[in-house]
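> Quick one: the structure is below, and I'll ask about it shortly.
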Amino acid sequence: MNPEAAHEKAGEFVPSAVGAHQASLLRYATRLLGGDAERARDVVQDTFVKLMGQRRADVEGHLAEWLFTVCRNRALDVLRKEGRMKRFAEGEAERVTAAEPRPGRTLETAETHEALLRLIGCLPASQQEVIRLKFQNGFSYKEISRITEHSVSNVGVLIHTAVQRLRAEFAAQQP
Numbered sequence: 042m043n044p045e046a047a048h049e050k051a052g053e054f055v056p057s058a059v060g061a062h063q064a065s066l067l068r069y070a071t072r073l074l075g076g077d078a079e080r081a082r083d084v085v086q087d088t089f090v091k092l093m094g095q096r097r098a099d100v101e102g103h104l105a106e107w108l109f110t111v112c113r114n115r116a117l118d119v120l121r122k123e124g125r126m127k128r129f130a131e132g133e134a135e136r137v138t139a140a141e142p143r144p145g146r147t148l149e150t151a152e153t154h155e156a157l158l159r160l161i162g163c164l165p166a167s168q169q170e171v172i173r174l175k176f177q178n179g180f181s182y183k184e185i186s187r188i189t190e191h192s193v194s195n196v197g198v199l200i201h202t203a204v205q206r207l208r209a210e211f212a213a214q215q216p
């Protein structure tokens, strides 16, 4: 392949990554930043700027994991700089919405979803993060381990403990 064709193909890589991952990165960053969508957009933009400086071969095969790791680190840098790393206030996580429209759901499913989000919001921050990375973003324990810098076994314990607590509290709320 000639150098111009290689450059053209590489030029499609970042826009494609933005299209595929921007919405989920925005949700993730917004949650990490306590609901501040404006700062989250800046963090996600910084993440994609950093991606532009990477060789495609260096991130191919683990792009989502790389993006989430960079996004998390950047968001934590912002929080450290401001000196206010804090837990989500009640209801903040529920107010963060995706850019894409949600498909219609039955009222019962929506109520269950809302109840689970409220319960997740009551979990410790480390459990909230791993639960969201696992179930909202579909990462494996190994990928979550690399993103959060917890050991794989610690990720497993955090997820297990969170799921057990969610089950117990959800069951207690049922009539």
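The sequence shown finishes on residue 216 if you use the working numbering, and the numbering steps up by one all the way, no holes. We treat Cβ as the ideally placed atom computed from N, Cα and C, and that holds for glycine.
1. Just to confirm my understanding: we take residue 42, look at its own chain, exclude 5 residues before and 5 after, and list those with CB closer than 7 Å. What are they?
2. When you compare the region 116–125 with the region 172–180, are there three or more beta-carbon pairs, one atom per stretch, that lie closer than 8 Å?
3. Return helix, strand or coil for residue 74, following the three-state DSSP convention.
4. Check whether the Cβ atoms of residue 212 and residue 168 sit closer than 7 Å, and answer yes or no.
5. My output table needs one value for residue 135: the three-state DSSP class, helix, strand or coil.
6. Which of the three DSSP states is assigned to residue 112 in this structure?
7. Have a look at residue 89 and residue 193 and give me their C-alpha separation to the nearest angstrom.
8. Between the region 106–114 and the region 66–78, are three or more C-beta pairs nearer than 8 Å?
9. Taking the C-alpha atoms as reference points, what is the distance between residue 187 and residue 107?
10. Assuming residue 104 and residue 85 are in contact, meaning their beta carbons sit under 8 Å apart, how far apart are those beta carbons, in whole angstroms?
11. Sort 124, 170, 196, 91 by Cα distance to residue 58 and report the nearest one.
Checking against the coordinates, here is how it stands:
1. Unreliable positioning characterises residue 42 in this predicted model, as indicated by a pLDDT of 40, which lies under 50. A coordinate reading is not provided.
2. no
3. coil
4. no
5. At residue 135, the pLDDT of 49 sits below 50, so the modelled position is not reliable; the number obtained from the coordinates is stated separately. Helix.
6. helix
7. 27 Å
8. yes
9. 9 Å
10. Not confirmed; about 14 Å, so no contact.
11. 91
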